[in-house]
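In UniProt numbering, the protein residues as written are 1 to 286. Think of the CB as a built atom: it goes at the ideal place given N, C-alpha and C, for glycine as much as any other residue. Reviewing the structure listed below.
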């Protein structure tokens with residue numbers, strides 16, 4: 001039972017103007033809870049779209065967990081501005097556990113300081129790789145482009161200027177941009193080189209960019225192991241990211257341009273013999 005004083009207080013609370021204030025407060029709380037729920041649901045949906053579902057467990061070389069390239073989530077670091085998104089249109093098709101394959105890719109070159117060092121290491125271990133070259137860099141260093149091709153590596157169009165907004169343009173502009181970069185890179189050498197792949201700068205894929213790249217005669221090339229070497233995290237961190245993320249059918253992202261790459265070169269020096277010891281063979285994405 002309520003005391004007389006408590007009954008008086010209750011009547012005051014449920015009578016105007018206090019009842020209106022309580023109703024307004026409760027309505028505000030309900031609206032904030034609803035908005036929070038919608039935002040959290042949207043963030044969860046975007047994460048699934050970006051990385052795909054979690055892969056099923058399997059066994060890789062040396063008894064380590066393995067994932068198929070199609071199911072492997074893109075590896076990234078929370079808070080990084082640059083997403084690591086794998087285009088769903090291209091993977092390494094040979095992902096057998098008995099004779100696992102890996103494709104190595106190098107972005108943002110060529111550069112006279114780092115590309116020759118990478119090429120020397122690849123030649124030392126008899127490894128072929130894909131070089132995702134920037135048009136302006138290719139024009140500036142044609143001798144390096146000729147060496148890349150002469151040593152049996154493949155080329156990938158990485159746009160003329162590493163334009164990460166290319167996929168946000170309309171289809172006609174995307175087509176002109178990709179046609180220009182493809183032709184420019186290919187014609188640095190004579191006869192013109194075959195341009196097998198296209199990789200979106202910063203992994204900024206859009207459906208239109210995927211489609212136009214294919215229409216331009218290039219296969220969209222993503223990755224499934226991001227070394228994050230562009231952040232210069234240290235050689236040990238680059239090596240660890242590859243060793244932890246490696247799986248049959250992996251496409252590994254390195255950089256031979258875009259900034260200081262001494263850590264990358266040293267990591268590649270350590271990783272090539274390790275990959276061979278793990279039983280991996282080196283192939284081109286297909």
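Member of 270, 141, 201 whose CA lies at the smallest distance from the CA of residue 177: Position 177 of the chain shown holds residue 177. The candidate whose alpha carbon is nearest that of residue 177 is 201.
Spatial distance of residue 193 from residue 180 (CA atoms): For this step, residue 193 is matched to residue 193 along the chain shown. For this step, residue 180 is matched to residue 180 along the chain shown. Straight-line Cα distance between these residues: approximately 14 Å.
First through last residue of the beta strand (DSSP E) which encompasses residue 216: Here residue 216 is taken as the residue at index 216 of the chain shown, counted from 1. Run containing residue 216: none; DSSP gives neither H nor E here.
Spatial neighbours of residue 151 in its chain, beta-carbon cut-off 7 Å, leaving aside the 5 residues before and after: Reading the chain shown from its first residue, position 151 is the one you call residue 151. Contacts found: 119, 123.
Test item: CB-CB of residue 230 and residue 258 under 8 Å: Counted from its first residue, the chain shown places residue 230 at position 230. Counted from its first residue, the chain shown places residue 258 at position 258. Taking 8 Å as the Cβ cut-off, residue 230 and residue 258 qualify as a contacting pair.
Inter-residue Cα distance where the pair is residue 137 and residue 116: Residue 137 sits at position 137 when you count from the first residue of the chain shown. Residue 116 sits at position 116 when you count from the first residue of the chain shown. Taking the straight line joining both Cα atoms gives about 14 Å.
Residue 105: first and last residue of the uninterrupted alpha helix (DSSP H) it sits in: Within the chain shown, residue 105 is the residue found at index 105, counting from 1. It is not in any alpha helix (DSSP H) - residue 105 instead sits in the beta strand (DSSP E) that spans 101-109.
Entirely enclosed alpha helix (DSSP H) segments - the stretch 200-273, minimum 4 residues: 207-215, 235-245
Cutoff 7 Å; reference residue 272; Cβ partners in own chain excluding five residues on either side: Taking the first residue of the chain shown as 1, we reach residue 272 at position 272. Here the set comprises 121, 125, 127.
When 240, 101, 283 are compared against residue 263, the one with the closest alpha-carbon: As a first step, residue 263 is located in the chain shown; it is residue number 263 there, counting from the start. The shortest Cα separation from residue 263 among 240, 101, 283 belongs to 240.
Outcome for residue 234 when other beta-carbon atoms lying within 10 angstroms are tallied against a minimum of 16: Within the chain shown, numbered from 1, the residue matching residue 234 stands at position 234. Under this definition residue 234 is an exposed residue.
Alpha-carbon to alpha-carbon, residue 237 and residue 49: Sequence index remark: in the chain shown, residue 49 carries index 49 (1-based). Sequence index remark: in the chain shown, residue 237 carries index 237 (1-based). In this predicted model, residue 49 has a pLDDT of only 28, less than 50, meaning its place in the structure is not dependable; the value taken from the coordinates is given anyway. If I take the Cα positions, the gap works out to 27 Å.
Limits of the unbroken alpha helix (DSSP H) element including residue 125: Counting from one through the chain shown, the residue named residue 125 turns up at place 125. Note, residue 125: alpha helix (DSSP H), 115-125.
Proximity test, residue 212 beta-carbon vs the ligand MN heavy atom, cut-off 7 Å: The ligand MN is not part of this structure, which contains no ligands at all.
Residue closest to residue 212, alpha-carbon to alpha-carbon, out of 242, 270, 244, 174: Within the chain shown, numbered from 1, the residue matching residue 212 stands at position 212. Residue 212 has its Cα closest to that of 174, out of 242, 270, 244, 174.
Cβ-based burial, residue 207 [other Cβ within 10 Å; buried from 16]: Sequence index remark: in the chain shown, residue 207 carries index 207 (1-based). By the 10 Å Cβ count, residue 207 comes out exposed.
Residue 204 versus 169, 190, 232, residue with shortest Cα-Cα distance: Taking the chain shown and counting its residues from 1, one reaches residue 204 at position 204. If we check each option's Cα against that of residue 204, 169 comes out closest.
Bridge partner(s) assigned by DSSP for residue 146: Taking the chain shown and counting its residues from 1, the one referred to as residue 146 is at position 146. Looking at the DSSP assignment, residue 146 forms no beta bridge with any residue, so it has no partner.
Continuous alpha helix (DSSP H) assignments of at least 4 residues falling wholly in the stretch 128-193: 135-140, 142-150, 171-186
Residue(s) in a DSSP beta bridge with residue 284: Stepping through the chain shown from its first residue, residue 284 is reached at position 284. DSSP, once it has assigned bridges, lists no residue as partnering residue 284.
8 Å Cβ cutoff met for residue 228 and residue 198: Walking along the chain shown from the start, residue 228 turns up at place 228. Walking along the chain shown from the start, residue 198 turns up at place 198. Going by C-beta atoms, residue 228 is not nearer than 8 Å to residue 198.
Beta bridge counterpart(s) of residue 275 as assigned by DSSP: Residue mapping note: residue 275 aligns to position 275 of the chain shown, counting from 1. The partner list for residue 275 (beta bridge, DSSP) is empty, contrary to what the question assumes.
Classification of residue 105 by the beta-carbon crowding that lies within 10 angstroms, buried from 16 upward: The count along the chain shown starts at 1 and reaches residue 105 at position 105. Classification of residue 105: buried, given that the 10 Å Cβ count is 16 or more.
Buried versus exposed, by CB contacts within 10 Å (16 or more), residue 165: Taking the first residue of the chain shown as position 1, residue 165 is located at position 165. With fewer than 16 other Cβ atoms within 10 Å, it is exposed.
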